[in-house]
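Here is the structure we will look at.
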Amino acid sequence: MKEFIQVLRRFVPPYKKFLFLSILFNILSAILNVFSFTLIIPILQILFKMTEAHYSYIAWTDPTVGLKDIAINNFYYYITDLINQYGQSTTLLILGIFLAIMTFLKTGCYFLSSATMIPIRTGIVRDIRNKLYRKILSLPLGFFSEERKGDIIARMSGDVQEIETSIMSSLDMLFKNPILILVYFGTLIAISWKLTLFTLVVLPIMGWAMGSVGKKLKRKSLVAQGQWSDLMSQVEETLGGLRIVKAFNAEVKMDKRFTQANDDYRDTISRVNTRQQLAHPLSEFLGTILIVIVLWFGGTLILNHNSTIDAPSFIFYLVMLYSLINPLKEFSKASYAIPKGLASMERVDKILLAENTMKISENPVPIHELKEQIEFRDVSFQYEATPVLKHINLVIPKGKTVALVGQSGSGKSTLVDLLPRFYEATEGEVLIDGINVKDSTLTDLRSIMGNVNQEAILFNDTFFNNIAFGVKGATKEQVIEAAKIANAHDFIMASEQGYDTNIGDRGGKLSGGQRQRISIARAILKNPPILILDEATSALDTESERLVQEALARHFAGEAHWTDPAGGFFLWLTFADRAVDTQRLFEIALAEGVAFIPGNAFSPAGGDPLASAGSTKASTRSMASWASRR
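Read in order, the letters of the sequence shown correspond to residues 325 to 954 in the working numbering.
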């Protein structure tokens, strides 16, 4: 219960208005329910002619008589007066109509109490999803290297849904049932405190029996939700690698793997649901046992003329006792459902409460342009305990084009990822115009950079929206110009709806080279002071790569040069350990003063890059030494 209250304290405050209304309608519903059942007593007495007593009106302010006795006496006085005036049959009809009206009001209040809970339930679930999504966006990339995408998807879908069906649906338990229990219990005491005292002796035994059944439910639910995450991860991996699965005839293998995981999940969730379904029949049975015991005890007292209440009042007592059992049963249901929701909430909190290691300075320094240089000062980085970069010192002046060349896994992509703070340097500083990137906001820092990755990251949207992504107010003409520079305009126009054509999930309708050219066009449209190309042309053929390189040179350096030192543009490229057209690369690089960062910083083999410049398909392994012109 403590965990449940803490969850509500976190998410319920924005919906206090609806909570107040729900409590108000619950109180009215409980009171109206009691008054409607009170009419049972005179109805029974009229039907069976069980009393011929005479009643006189007593003033409500009479100090010699208790308020309860005055209310009972005057109630019977009015009933007797009706019988004397209109007869028993008519009086019975009047009481029946009054009972129907009270029932209508009671059910109306009951509906309103439930209706006012709906905005709370749906609003809290919406808030949890929004918080989850914002948290995912704010967490650094390093967090997701330790998490499976399928697991995160499962937490946003299955776990949040379980919170809604288990915790949020149990809000009535906290805000409705306690009110009903208090009102009904107070009524039982008013009817007969001795009989109620006997009832209280039996109730704890029933409560212990119901509570003992659901002790292990939360632990089992945690296991079930973990298995659901495994299923989602397998589905996500299969969809992402479906081409490989088919290419290696691994359909049967993947099917067996999924079937086994699905069977394990089914077994666990079956045990959880079986235990949960036990709540209602068990509470129903124990409630009936309670009624039987009270019926025997109270009936014996009445038959032996030892009771302070008559038979109609005893029947009314039994009706109220049965009404009390219903909210108690709801408590038992909630005691089974809430642990499942708390287990899901625990998994969701692993994301919501995850520490963001990307610290932002309290007094950030604005960065809006590149004025002088970029500097890596004694920078080291490691993934957990695995060193990747060691003591890198690098100065890149404004207006230079720089290429990082090295073996796969040597740290090229990691180094460039430190600049936009996708990862934090373990040691040292990354400076832009002497300002540590940690002292600026992420928004300012990344606004001056464009990034094109080896893996083209596209969205299930049109060509236009993918290219214009991140650029507010981009015009059609600007998008077309960027596409032309990236050598993408022709195949875009060849599509069914041109720039309004949807490219499918992750650009699935396009080839690898087409996807990369769209990514390049997106970076070109942003026109940032710093452009990072991380193996951006790896999926292009030699001719397309040459066209893109020349187009980039013209765009960023005024048609004549790849780089214009006076123009302030910084182009950063990384090349994989693969065969590239080094002849064309060096023709441009040597003419324009491209600086090749020493490869020994990234542990590739050494060598003179000029030695292989005459070869059309030389390996970039040889580009390990410092080569700079001008």
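Ideal placement from N, C-alpha and C gives every residue a C-beta, glycine not left out. None of the values given here were measured: they were computed from a predicted structure.
>> Looking only at its chain, what residues have a beta carbon closer than 8 Å to the beta carbon of Lys341, apart from the 5 residues adjacent to it on each side?
In response: none
> Roughly how many angstroms separate the alpha carbons of Leu619 and Pro387, rounded to a whole number?
Replying inline: 36 Å
>> Could you compute how far the alpha carbon of Gln802 sits from the alpha carbon of Ala727?
In response: 28 Å
> Which of the three DSSP states, helix, strand or coil, is assigned to Phe899?
Replying inline: Confidence at Phe899 is low in this model, with a pLDDT of 47, below 50, so the placement of that residue is unreliable and no value is reported for it.
> Under a three-way DSSP split, which group does Leu855 fall into?
Replying inline: strand
>> So, for Lys326: in the same chain, excluding its five sequence neighbours on each side, which residues have a beta-carbon less than 7 Å away from its beta-carbon?
In response: none
>> Could you check whether Ser647 and Asn350 sit closer than 8 Å to each other, using their CB atoms as the reference points?
In response: no
> For Cys433, which residues of its own chain have a beta-carbon under 8 Å away from its beta-carbon, when the five flanking residues on both sides are left out?
Replying inline: Phe349, Asn350, Leu352, Ser353, Leu356
> Using 8 Å as the Cβ pair cut-off and three pairs as the minimum, do the stretch 507–520 and the stretch 469–489 touch?
Replying inline: no
>> Suppose you measure from the CA of Ile617 to the CA of Gly447; what does that come to, to the nearest Å?
In response: 44 Å
>> Once the 5 residues before and after Val507 are set aside, which same chain residues still bring their CB inside 7 Å of it?
In response: Ala354, Ile355, Val358
> DSSP three-state call for Gln706: helix, strand or coil?
Replying inline: strand
> When every heavy atom of the ligand SAM is checked, does at least one fall within less than 7 Å of the C-beta of Ala667?
Replying inline: For the structure depicted, the ligand SAM is absent and the ligand set is empty, with no information on it obtainable.
>> Pop quiz: Asp858 and Val729 are said to be a contact at Cβ under 8 Å. What is the actual Cβ separation, rounded to whole angstroms?
In response: Actually they do not touch by this definition, with Cβ atoms about 13 Å apart.
> Looking only at its own chain, which residues have a Cβ that is under 6 Å from the Cβ of Phe746, when we skip the five neighbours before and after it?
Replying inline: Leu465
>> So, does the stretch 482–502 touch the stretch 666–677, judging by three or more C-beta pairs under 8 Å?
In response: yes
> Can you tell which of Tyr339, Val643, Phe793, Leu417 has its C-alpha closest to the C-alpha of Arg450?
Replying inline: Tyr339
>> Within 8 Å, do at least three Cβ pairs link the stretch 840–851 to the stretch 779–786?
In response: yes
> What is the DSSP secondary structure of Pro337, reduced to helix, strand or coil?
Replying inline: helix
> Under the DSSP definition of a beta bridge, which residues are partnered with Gly774?
Replying inline: Leu855
>> On the DSSP letters alone, give me the boundaries of the alpha helix (DSSP H) that Val507 sits inside.
In response: 501–515
> Between the beta-carbon of Gln558 and the beta-carbon of Arg581, is there less than 8 Å?
Replying inline: yes
>> Going by C-alpha to C-alpha distance, which of His692, Ile639, Phe435 sits closest to Pro366?
In response: Ile639
> By DSSP, does Glu488 sit in helix, in strand, or in coil?
Replying inline: helix
>> Suppose contacts are defined by Cβ-Cβ distances below 8 Å. Is Gln697 in contact with Lys722 by that definition?
In response: yes
>> Quick check: Arg841 and Ala798, are their CB atoms within less than 8 Å of each other?
In response: no
>> Quick check on DSSP: helix, strand or coil for Ile615?
In response: helix
> In chain order, what residues of the same chain have a beta carbon less than 6 Å from the beta carbon of Glu488, not counting five sequence neighbours either side?
Replying inline: Val449
>> On the CB-based measure, 16 or more other CB atoms within 10 Å of its CB, does Asp579 come out buried or exposed?
In response: exposed
>> Along the chain, where does the alpha helix (DSSP H) containing Gly420 start, and where does it finish?
In response: 412–439
> Based on the DSSP output, what are the partners of Gln697 in its beta bridges?
Replying inline: Pro721
> Going by Cα to Cα distance, which pick from Thr592, Leu642, Ala571, Asn586 is closest to Ile515?
Replying inline: Leu642
> Can you give the Cα-Cα distance for Val569 and Glu575, rounded to whole angstroms?
Replying inline: 6 Å
> By DSSP, does Leu648 sit in helix, in strand, or in coil?
Replying inline: helix
>> Among the candidates Met492, Val547, Pro744, whose CA atom is the shortest distance from the CA of Ala658?
In response: Met492
> Based on the DSSP output, what are the partners of Leu713 in its beta bridges?
Replying inline: Phe705
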